[in-house]
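So for the sequence shown, UniProt numbering puts the first residue at 1; every next one is plus one.
A short worksheet on the structure shown next.
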Amino acid sequence: MAKHQGKHSARRSLLSGVAAFVLIALTGFLLSTNVRVNRTTTVNNDTADLVEHSVAEVSQLQSDVNDLQKQVNNLTDALNSKDSSDNSTDSSDAADGGDSSLMLPAVSGEGITVTLDDSPLWENAVNDNGTTANINDYVIHQQDVESVVNALWAGGAEAMKIMDQRVLFNSAVICSGNVLSIHGKKYAPPFTISAIGDQSSMRKALNDSNAITILKQYVSAFGIGYKVENKDNLQFEATTALLQQFKYATVDTSKAKDEEQNQQ
1 MAKHQGKHSA
11 RRSLLSGVAA
21 FVLIALTGFL
31 LSTNVRVNRT
41 TTVNNDTADL
51 VEHSVAEVSQ
61 LQSDVNDLQK
71 QVNNLTDALN
81 SKDSSDNSTD
91 SSDAADGGDS
101 SLMLPAVSGE
111 GITVTLDDSP
121 LWENAVNDNG
131 TTANINDYVI
141 HQQDVESVVN
151 ALWAGGAEAM
161 KIMDQRVLFN
171 SAVICSGNVL
181 SIHGKKYAPP
191 FTISAIGDQS
201 SMRKALNDSN
211 AITILKQYVS
221 AFGIGYKVEN
231 KDNLQFEATT
241 ALLQQFKYAT
251 VDTSKAKDEE
261 QNQQ
C-alpha cells in the first residue's frame, strides 16, 4: 500500500505541474498579446497625427507658393507694361499697369530741396601736371548724397526725389567719379535732392546729422556747394515701383529724442 500510494502521489504532482505550466504559458501569451495590441494602437495613433500634421504643413506651403506666384505674375506684368510704354506718361502707366500696389502715387506739398555741387576751386588745386593729390576734397561723393537722403528720411520726409527720379525703398545711389547714377540714369553735378514733408523737422534732421556736419566742414574749407531751400509746392509724379513698398518700416528716432532731452 505504501508503494502504491507513492506512485499515485507522484503522478498527481506531475499533472499539477503540467497544468500550472500551461496556465503560466497562457497567461504570458495573453500578456504579450495585450502589449503588442496596445503598442500597435499607439503607433497607429501617432502615425495618424503625423500624417494630419504633414497634410496641414503641405497645404500651408502650397498656399505660400500660390501667393508668391501671384506676386511674380504682378511684377512681370508691371515690368512688361513699363517696357511697352516708355514713350507714354506715368499716368497712362498707372492706368495700364493693372495693380495699383505696384505704383507710387503722385504727391505734392511743401518741402525742401538740398543742392550739392562740386567746388569751383578744384581747378586751382590742379598742379602743372594736370593732377592733384586731394581732388576728392573738392567734389561731391556718393556718401554725401546718401547722408542727405538719410537725414531727410529721419526728419520725416514723406516722399523724395533725386534729380528727376523718385526715391524708392530699393533705390541705390552710385557715384563714378563725380557722375551720379540712379535707376540706370546718369547725372552730372549739381545734384538736387527734393523732399516733401515738414520743413522745420527736415532742416533740424540735416543740422543734427553728424555726416552733414562733416560735409559742412568741407563746404567751409574747400568751397563744396551745399544749399538748403524751402519749397511751397513740390510736385512728384506717379511712378512704377519695381517691388512692393515697405508697409511696416519706421525710422528709429529714440536716439535723437534722447540727445534732445540731454541737451535740454
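Backbone N, C-alpha and C define an ideal beta-carbon position, used for all residues, glycine too.
Cα atoms of Gly223 and Val107: separation of roughly 34 Å, rounded to the nearest angstrom.
Judged by DSSP secondary structure, Phe236 falls within the beta strand (DSSP E) whose first and last residues are Gly225 to Phe236.
Nearest Cα to Ala221 within the set Ile24, Leu23, Gly109 and Asn136: Asn136.
Between Val167 and Gln142, the CB-CB gap reaches or exceeds 8 Å. Annotation for Lys70: no residue places its beta carbon closer than 7 Å to its own, counting only its chain and skipping 5 residues before and after. Judged by DSSP secondary structure, Asp117 falls within the beta strand (DSSP E) whose first and last residues are Val107 to Asp117. Rounded to whole angstroms, the separation of the alpha carbons of Val149 and Gln235 is 18 Å. Taking one beta carbon from each stretch, the region 195-206 and the region 51-69 have fewer than 3 pairs nearer than 8 Å; the two do not touch. Here Leu121 carries a coil assignment [DSSP, helix/strand/coil]. Within its own chain, the residues whose Cβ lies closer than 6 Å to the Cβ of Asp117, once the five positions on either side in sequence are excluded, are Pro189, Pro190 and Gly225, listed in chain order. Per DSSP, reduced to three states, the secondary structure at Met163 is coil, with no helix or strand assignment. Taking C-beta separations shorter than 8 Å and ignoring five residues to either side along the sequence, the partners of Gln165 in its chain run Ser171, Ile182, His183 and Lys185, following chain order. Remark: C-beta atoms of Ser194 and Lys161 approach each other more closely than 8 Å.
Looking from the CA of Asn178, the closest CA among Ser209, Ala205 and Ile140 belongs to Ile140. Boundaries of the beta strand (DSSP E) harbouring Ile196: Phe191 to Ile196, taken from the DSSP string. Cβ neighbours of Ser147 within its own chain (closer than 8 Å, five residues either side excluded): Ser209, Ala211, Ile212 and Leu215.
By the Cβ neighbour-count rule, Ala25 is exposed, with fewer than 16 other Cβ atoms within 10 Å of its own. Here Gly155 really is in contact with Leu206; their C-beta atoms are around 7 Å apart, less than 8 Å. In this model, Glu110 and Ser59 are separated by some 49 Å (Cα to Cα). Between the alpha carbons of Leu75 and Thr239 lies a distance of about 14 Å. The residue from Leu104, Leu50, Val72 and Arg203 with its alpha-carbon nearest to that of Trp153 is Arg203.
Per DSSP, Val173 lies in no alpha helix (DSSP H) and is assigned neither H nor E.
Boundaries of the alpha helix (DSSP H) harbouring Tyr218: Asn210 to Phe222, taken from the DSSP string. Collapsing the DSSP output to three states places Ile182 in a strand. Counting only residues of its own chain and dropping the five nearest sequence neighbours on each side, Asp232 has a CB closer than 8 Å to the CB of Glu110.
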